[in-house]
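Residue numbers (the UniProt record's numbering), protein chains in the order written: chain H, 1 to 321; chain U, 1 to 323; chain P, 1 to 338. Glycine residues also receive a C-beta, built at the ideal position from the N, C-alpha and C atoms.
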Amino acid sequence: MSAVQTNTVPQVEEHDRAASITGRAYLSALMRDRVAFIAAIFLTLLLIAAAGADFLAPYDPNRANLGARFIAPFGTARDGGFHLLGTDELGRDLFSRLMHGARVSMSIGLLGALCSGAVGITLGVLAGFYRGLLEDLLMRAVDGMMALPSLLIALFILFVIGPGFGNLILIFTLLHWMVFARMARSLTLNHQQHTYITAARAIGASDTRIILTHLLPNMVSPLIVLFTLEIAVLILSEASLSFLGFGVQAPQSSWGLMIARGREYISSAWWLVVMPGAAIFLTALALNLVAAWARAITDPVQRWRWLTPPRRKNQPIEDDE
Amino acid sequence: MPYLLRRFIQSFILLFFLISFVFVVGRIIGDPALIMLGTSASETALDQLRENLGLNQPIWQQYLVFLSDLTQGDFGVSFRYGFSMMPSDALRSEGTPVLPIVLSRLPATFMLAGTSLVFAFSLAVVLGCLAAMHPRSWIDNLVNVISLASVSLVQFWLGLILIIIFSVHMGILPTGGFGTWQHLILPALTLAARPLGRISQVVRSAMLDELSKPYISAARAKGVPEWRVVFVHALKNASIPIVTITGDELSQLLTGAMLVETVFAWPGVGLLLIDSLGRRDLPMVQAGICVVAALVIFVNLAVDFAYTVLNPRIQMDNRGGRA
Amino acid sequence: MRAMQQSETQGAAPAPLLDVRDLRVTFDTPHGLVRAVGGVSWTLSPGETLGIIGESGSGKSVGLEAIMGLIKTPPGHVSGQVMFDRRDVLTMPERDRRQLRGEKIAMIFQDAMSALNPSLTVGTQIAEVYRLRRKCSHADAERKAIELMDRVKIPSAKTRIGNYPHEFSGGMCQRVMIATALALNPQILIADEPTTALDVTVQRQIMTLLAELQREDGMALVLITHDLGLVAETVDRAMVMYAGRLVESAPVSALFEVPSHPYTRGLIRSMPRIDGASGKLHAIGGTPPAAGRMPKGCAFHPRCEMRVERCGIERPNLRPVGKNRAAACHLAEEIPHV
Numbered sequence: 001m002s003a004v005q006t007n008t009v010p011q012v013e014e015h016d017r018a019a020s021i022t023g024r025a026y027l028s029a030l031m032r033d034r035v036a037f038i039a040a041i042f043l044t045l046l047l048i049a050a051a052g053a054d055f056l057a058p059y060d061p062n063r064a065n066l067g068a069r070f071i072a073p074f075g076t077a078r079d080g081g082f083h084l085l086g087t088d089e090l091g092r093d094l095f096s097r098l099m100h101g102a103r104v105s106m107s108i109g110l111l112g113a114l115c116s117g118a119v120g121i122t123l124g125v126l127a128g129f130y131r132g133l134l135e136d137l138l139m140r141a142v143d144g145m146m147a148l149p150s151l152l153i154a155l156f157i158l159f160v161i162g163p164g165f166g167n168l169i170l171i172f173t174l175l176h177w178m179v180f181a182r183m184a185r186s187l188t189l190n191h192q193q194h195t196y197i198t199a200a201r202a203i204g205a206s207d208t209r210i211i212l213t214h215l216l217p218n219m220v221s222p223l224i225v226l227f228t229l230e231i232a233v234l235i236l237s238e239a240s241l242s243f244l245g246f247g248v249q250a251p252q253s254s255w256g257l258m259i260a261r262g263r264e265y266i267s268s269a270w271w272l273v274v275m276p277g278a279a280i281f282l283t284a285l286a287l288n289l290v291a292a293w294a295r296a297i298t299d300p301v302q303r304w305r306w307l308t309p310p311r312r313k314n315q316p317i318e319d320d321e
Numbered sequence: 001m002p003y004l005l006r007r008f009i010q011s012f013i014l015l016f017f018l019i020s021f022v023f024v025v026g027r028i029i030g031d032p033a034l035i036m037l038g039t040s041a042s043e044t045a046l047d048q049l050r051e052n053l054g055l056n057q058p059i060w061q062q063y064l065v066f067l068s069d070l071t072q073g074d075f076g077v078s079f080r081y082g083f084s085m086m087p088s089d090a091l092r093s094e095g096t097p098v099l100p101i102v103l104s105r106l107p108a109t110f111m112l113a114g115t116s117l118v119f120a121f122s123l124a125v126v127l128g129c130l131a132a133m134h135p136r137s138w139i140d141n142l143v144n145v146i147s148l149a150s151v152s153l154v155q156f157w158l159g160l161i162l163i164i165i166f167s168v169h170m171g172i173l174p175t176g177g178f179g180t181w182q183h184l185i186l187p188a189l190t191l192a193a194r195p196l197g198r199i200s201q202v203v204r205s206a207m208l209d210e211l212s213k214p215y216i217s218a219a220r221a222k223g224v225p226e227w228r229v230v231f232v233h234a235l236k237n238a239s240i241p242i243v244t245i246t247g248d249e250l251s252q253l254l255t256g257a258m259l260v261e262t263v264f265a266w267p268g269v270g271l272l273l274i275d276s277l278g279r280r281d282l283p284m285v286q287a288g289i290c291v292v293a294a295l296v297i298f299v300n301l302a303v304d305f306a307y308t309v310l311n312p313r314i315q316m317d318n319r320g321g322r323a
Numbered sequence: 001m002r003a004m005q006q007s008e009t010q011g012a013a014p015a016p017l018l019d020v021r022d023l024r025v026t027f028d029t030p031h032g033l034v035r036a037v038g039g040v041s042w043t044l045s046p047g048e049t050l051g052i053i054g055e056s057g058s059g060k061s062v063g064l065e066a067i068m069g070l071i072k073t074p075p076g077h078v079s080g081q082v083m084f085d086r087r088d089v090l091t092m093p094e095r096d097r098r099q100l101r102g103e104k105i106a107m108i109f110q111d112a113m114s115a116l117n118p119s120l121t122v123g124t125q126i127a128e129v130y131r132l133r134r135k136c137s138h139a140d141a142e143r144k145a146i147e148l149m150d151r152v153k154i155p156s157a158k159t160r161i162g163n164y165p166h167e168f169s170g171g172m173c174q175r176v177m178i179a180t181a182l183a184l185n186p187q188i189l190i191a192d193e194p195t196t197a198l199d200v201t202v203q204r205q206i207m208t209l210l211a212e213l214q215r216e217d218g219m220a221l222v223l224i225t226h227d228l229g230l231v232a233e234t235v236d237r238a239m240v241m242y243a244g245r246l247v248e249s250a251p252v253s254a255l256f257e258v259p260s261h262p263y264t265r266g267l268i269r270s271m272p273r274i275d276g277a278s279g280k281l282h283a284i285g286g287t288p289p290a291a292g293r294m295p296k297g298c299a300f301h302p303r304c305e306m307r308v309e310r311c312g313i314e315r316p317n318l319r320p321v322g323k324n325r326a327a328a329c330h331l332a333e334e335i336p337h338v
């Protein structure tokens, strides 16, 4: 059963036209969709906070201050320090810790998606381009691996090889390349039927050149949508693995690990559980919203809605006497 | 070859690959003795364990022994489960066979996953149908919000939030454990969130598709009441994508239960697995993984079987890939 | 417009079975409000066969769907009056309206294959009507379904009752549709392009069947089509629609003899003729206007060979132009003489 995935593949003919729409049109379309716009701003701020946590965080995330333990959000410590999201069991500022945790969570999401994307897209394009046995075997492997419970397998491997940042990336690459491979293959198959590929062949372009200059650039937008979604998926998986103790290890801290720590104080200091989880939720939500927006705007069927001026409601097109 | 037979063989091969994978990761990438006793164990203890487990034999021979044991339902014995003494002392005893222990935990997991799925599925079908009947209404928006939120949520966090609200603050439901129906509510709700969102979204879009088809107008034209048009005529034709997503979500539930069981101390396979990971109980972990994975594969097979029942004109050989 | 109805109700014709007055259907689309049917009035007498002719998009199907209550509101909006049995169908509660559908007015559709539910057996779909409306037992409903299938000449109905629509041919599917529609002996049958999707030979069989059944049951038939040949053969009276409005209404023989509207004339001239009287086929130039882009004045004037200045300014109303006929053209009286 070499299943052909068609559901996520946009119509290819439209891609050339999509490419001609300028970045400014996209930006103004983004501004018009208020929800997606807020989500995009949130993600931008999050990236800035994660990258500049060393300079931007109000407190040292690892400095214990036993005089300021368990301060509730918006509370002030006895020494006068204001804590926006409160403090934890060692008096460390939760907001600062979240900013540093963002760096770990985001970089795992980004790196994991990049690595699995690189592997998956390479394999998928090769399979779609050369077909034959390679494609058969690959798609069988994809079908098989997608049918297995990935969290369980990730746990088992991490159990054997040990937890940690690098191993997490390795696991995510190993267990998440399939979605990219599947999409890259079907996009490749789609594009290959087009005349411009035949034309490129006819003038003697090498396979490498066809793939790099003709195929890949035309596949960018759907792959970026998938990439955005995968970041969200990976951030959630990382949180789960860290929560179970098989992800990021102290002294590094990610949002998932913070929830696991906060769980011990659930009856007295709810914010230690609620805040890091909220950070994960909002980040994943923002990524999903932006991905949904990006999909809508690159989808030929829906795109006109965003790239044409908004209609005036109930405006009759024809006067009816 | 008949479609279902082929799917059956494929599932079997997949299971075989999985078991081999577990062997490779456990025995070749890792050192079972080291995994089970930890890095602090003495060299003599490690050697003794290697001797006991037959780890000194050639690897292919170990593999064959592993496989033939499996066919007899022997996943090895645990020296950790139920032993309170030092691991090195426990090694001198007979050990406890792991498979019966894993299987004894299944009913609890089934109960949790089943309750969640039944709840999520029925609510999702109703919500999705209502949303499709009234596009752009508040209920349609609600379905969109639920489905977006459910894929952005970490389940264990939702569980903890529910504990904070219902156990810590309101004090009306237990924080965890097993026994009465009150114990079931919070974990089942937690686990139901994700399938609720995903299934209702699929129901909505599949029903939107169906409701715009000519046979729906025709059914209305012959005076079929609207509820029957939606829930009998359209829903039956929308069932293929709905069954697909429900099957996917059931597989997800079986692994998602792992985290939820941990949060609520629900004594299912998931909790056993996590505890065994913490106890470095390799045979138990291997058995747990194989059992859960076999269940997931079985669910996928069951979904394929359901297709043939649901769609009278299914084209077995060129059915499109499942999302 | 009232004039036309009066002229029709006056004569020997009995009180109309269905009286449609100023029916309008609009849709709220992302592009704005689009008018699909704009102020259409007509009547249907018992037992009569009425043809509604028009190109796709002329509003001929939408108008009938609105009468059946098959337009989703919103985004659709239906106004006007449709009198049946002294009640306005459009304002009656949904329950009564559903009672009407199937029971009094039935409808069959263009593509019968897709108008049948693919996951239910044809027997179930025919029997469903009896089960729901007559509260028949399962066995009773099935027996009646078989009788109906015999009546619409589906061979070996007893064995085929358990088949699914995809196991039938297009013509057989249409027969199943007809059987379903006839189940409760409706007074009006609306047939929306019933033969368009079928082969020519099957087309003829279906039309013969419809005519036979109509004769037996005495029901009125509204035939929606773009096929003038079909109209000429089967219909008593014909109405021509263009861009959501009626442009001409006349007894069918009169219509074909001397059309009173340039559009009707264009349609008739573009028909291939078997007798070969005129060797040349005329096609109407241009395309019908999109629902959102109606020209000012007469909707047909940009394509009309006979347009005068007035046509681009003032929209002609449908007015009587002789016995039992009406046309919406400023030059209606002159057309037969051109």
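Boundaries around Phe-84/P are those of the beta strand (DSSP E), 76-84, since no alpha helix (DSSP H) includes it. In the DSSP assignment, Ser-40/U falls outside any beta strand (DSSP E) and carries neither an H nor an E. At a cut-off of 9 Å between beta carbons, Ser-169/P makes no contact with chain U.
Pairing Ile-121/H with Leu-234/H gives a Cβ-Cβ distance that is not under 9 Å.
Around the Cβ of Tyr-215/U, a 10 Å sphere holds 16 or more other Cβ atoms; the residue is buried.
The C-beta separation of Ile-297/U from Thr-246/U comes to about 16 Å, leaving the pair out of contact by the 8 Å criterion. Within the DSSP secondary-structure output, Ala-327/P pairs in a beta bridge with Glu-248/P, Arg-319/P. Taking a C-beta distance under 9 Å as the contact criterion, Phe-95/H and Tyr-130/H do not qualify as a contact pair. When secondary structure is reduced to three states using DSSP, Phe-109/P falls in the coil class, being assigned neither helix nor strand. Nearest C-alpha to Ile-48/H among Ser-116/H, Met-99/H, Asp-88/H: Met-99/H.
Per the Cβ contact rule, the region 80-100 of chain P is not in contact with the region 255-267 of chain P (fewer than 3 Cβ pairs under 8 Å).
Fully enclosed alpha helix (DSSP H) runs of no fewer than 4 residues are not present anywhere in the region 202-234 of chain H.
One Cα belongs to Val-321/P, the other to Ile-268/P, and the distance between them is close to 19 Å. Taking a cut-off of 8 Å on C-beta distances, the region 134-153 of chain P does not touch the region 257-268 of chain U, as fewer than three cross pairs fall below it. Within 9 Å of the CB of Ser-217/U, the CB atoms of chain P belong to Glu-65, Met-68, Leu-70, Met-107, Phe-109, Ala-115, in sequence order along the chain.
Nearest to Pro-100/U by alpha-carbon distance, out of Gln-72/U, Val-125/U, Met-111/U, is Gln-72/U. In this structure the region 147-156 of chain U does not touch the region 208-227 of chain U; the number of beta carbon pairs closer than 8 Å is below three. Not a single CB atom of chain U sits nearer than 9 Å to the CB of Pro-46/P.
Sequence-distant partners of Gly-39/P (beyond 5 residues in either direction) whose C-beta falls short of 6 Å from its own C-beta, in its chain, are Asp-22, Arg-24.
Of the residues Met-113/P, Ile-154/P, Ala-220/P, Val-308/P, the one whose Cα lies closest to the Cα of Ala-197/P is Met-113/P.
A Cβ of chain H is located within less than 9 Å of the beta carbon of Gln-252/U. Interface flag for Trp-293/H against chain U is unset, since no Cβ pair is found closer than 9 Å. Rounded to whole angstroms, the Cβ separation of Leu-170/H and Ile-231/H is 17 Å, and the two are not in contact under 8 Å. Here Pro-97/U carries a strand assignment [DSSP, helix/strand/coil]. Ile-53/P is positioned such that its CB atom lies closer than 9 Å to that of Met-239/P.
Straight-line spacing of the CA atoms in Leu-189/H and Ile-240/U works out to 26 Å.
Shown here, Ser-107/H sits in a helix according to DSSP, grouped into three states. The closest CA to that of Leu-114/H, considering only Thr-228/H, Pro-251/H, Gly-277/H, is found on Thr-228/H. At a beta-carbon threshold of 9 Å, the residues of chain H lying near Asn-300/U are Ala-147, ordered along the chain.
Sorting Asn-300/U, Lys-236/U, Ala-218/U by C-alpha distance to the C-alpha of Val-125/U places Lys-236/U at the top. The beta carbon of Tyr-263/P is closer than 6 Å to those of Tyr-242, Val-247, Phe-300 in its chain, skipping five residues each way along the sequence. Look at Tyr-164/P here: in three-state DSSP terms it is coil, with no helix or strand label.
Taking the Cα positions, Ala-139/P is about 29 Å away from Gly-218/P. Take Lys-158/P, set aside five residues on each side of it, and the residues of its chain with a beta-carbon closer than 7 Å to its own are Ile-146, in chain order. Contact annotation: Leu-134/H and Leu-126/H have beta-carbon atoms nearer than 9 Å. For Arg-35/P, none of the residues of chain U pass the 8 Å Cβ criterion, the least Cβ distance being about 21 Å.
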